[in-house]
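Chemist: I have a structure I would like to understand better, so I am pasting it below and will then ask my questions one at a time.
Put into structure tokens, the structure is as follows:
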């Protein structure tokens, strides 16, 4: 049983000795947890990582593709929980009751941000949409990957939701077909071209503006709800090593691996 003979019964322990180590609750009630080595350890909380980024920022793309995606692939799902917020250094303004967005790298970046936000909204499941975002961000050009570059209508800063997005382009179809064939590209296009996409971008703007301390550059990384320059540097140098260091549960074999690729400078505000 794993329980020392002659162990006294704790007050409130109404279980026979042969059941004392059958569950953690019973062991706690009988005050014999330390004498039940076979008890399963309680699940450790996952490391919470939030990435605030913009679709055309080179440093954002590098971190997402080389660090975040590879770390996510290597670690079990219960170890790391990721939130993606595509908005970055964009600015929003209310024009005649509609939200209008201006992005650091131009309208194409706003388009990329919104497509990724709509993809997340439609796919729902992180393991479904993250590989598609990796596919879009890992090419030579996110804009070309999206195949959504068209001369913007006048005025030169149109509302993102009004920009045509031909999501039937072969490159987009390929990313969806390879990584998420169950996702309807038509629904993503409808989101981008309609009110839903604008609402999603406004929400991302609010999440980004609510950061404390305020973000000074992207990628801006928070770990377990906190941002420090030390955590940022560790995450960009070796996210796998940082998550393995912070996780309080049993470590997988992947945690024995460490790497530190060259880091690009962030896109400052």
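In this note's numbering, the protein residues as written are 43 to 311. The beta-carbon is built from N, C-alpha and C at its ideal position, and this holds for glycine as well.
1) Sort 69, 168, 243, 98 by Cα distance to residue 180 and report the nearest one.
2) Using 8 Å as the threshold, is the C-beta distance between residue 131 and residue 245 below it?
3) Any contact of the segment 263-275 with the segment 85-102, i.e. 3+ C-beta pairs under 8 Å?
4) Considering only their Cβ atoms, is the gap separating residue 113 from residue 282 smaller than 8 Å?
5) Residues in the same chain with beta-carbon distance under 7 Å from residue 259, minus the five sequence neighbours each way, listed in chain order, please.
6) Can you give the Cα-Cα distance for residue 63 and residue 125, rounded to whole angstroms?
7) Can you give me the Cβ contacts of residue 145 inside the same chain, cut-off strictly under 6 Å, excluding the 5 residues immediately before and after it?
8) Scan the segment 252-286 and note each continuous alpha helix (DSSP H) run of 4 residues or more that stays entirely inside, going in chain order.
9) Whose C-beta lies closer than 6 Å to the C-beta of residue 135 among residues of the same chain, with five residues either side of it excluded?
10) In the DSSP assignment, the beta strand (DSSP E) including residue 144 goes from what residue to what residue?
11) Quick check: the Cα distance between residue 149 and residue 155, rounded to an integer number of angstroms?
12) When the cut-off is 8 Å and only beta carbons count, does residue 74 lie next to chain C?
13) Based on Cα-Cα distance, which residue from 268, 162, 249, 174 lies nearest to residue 238?
14) Taking the alpha-carbon positions, what's the residue 137 to residue 241 distance?
15) Please return the same chain residues whose Cβ sits closer than 6 Å to the Cβ of residue 73, not counting the five positions on each side in sequence.
16) Relative to the alpha-carbon of residue 280, which residue among 80, 221, 105 has its alpha-carbon at the smallest distance?
17) Where does residue 109 fall in DSSP's three states?
18) Cutting at 6 Å between CB atoms, please list the residues of its own chain near residue 111, excluding the five before and the five after it.
19) Is residue 171 helix, strand or coil by DSSP?
20) Which whole-angstrom value describes the C-beta separation of residue 249 and residue 127, a residue pair presumed to lie in contact below a C-beta threshold of 8 Å?
21) Alpha carbons only, please: which of 173, 71, 80, 123 is nearest the one belonging to residue 86?
22) Taking the beta carbon of residue 58 as the centre, do at least 16 other beta carbons fall within 10 Å, making it buried, or is it exposed?
23) Measuring alpha carbon to alpha carbon, tell me which residue in 119, 55, 90, 89 is nearest residue 75.
24) Given a threshold of 16 other Cβ atoms within 10 Å of its Cβ, counted over all protein chains shown, does residue 88 qualify as buried or as exposed?
25) Spatial neighbours of residue 160 within its chain, please: CB distance less than 6 Å, with the 5 preceding and 5 following residues excluded, ordered by chain position.
26) Here's the rule I'm using: 16 or more other beta-carbon atoms within 10 Å means buried, otherwise exposed. How should residue 60 be labelled?
27) Between which two residues does the alpha helix (DSSP H) containing residue 122 stretch?
Modeler: Taking the structure as given:
1) Nearest C-alpha to residue 180: 98.
2) no
3) yes
4) In contact: residue 282 and residue 113 (Cβ atoms closer than 8 Å).
5) 308, 309, 310, 311
6) 38 Å
7) Around residue 145: 132, 151, 152.
8) Fully enclosed alpha helix (DSSP H) runs of 4 or longer: not present.
9) 142
10) 140-144
11) Looking at the two C-alpha atoms, the distance is approximately 10 Å.
12) Considering every chain present, this structure includes no chain C. It has just one protein chain.
13) 162
14) Between residue 137 and residue 241, the alpha-carbon positions lie close to 14 Å from each other.
15) 52
16) 105
17) helix
18) 176
19) helix
20) 5 Å
21) Of the candidates 173, 71, 80, 123, the one whose C-alpha sits nearest the C-alpha of residue 86 is 123.
22) exposed
23) 55
24) buried
25) The residues are 230, 233, 234, 239.
26) exposed
27) Here residue 122 belongs to no alpha helix (DSSP H); instead the beta strand (DSSP E) covers 122-128.
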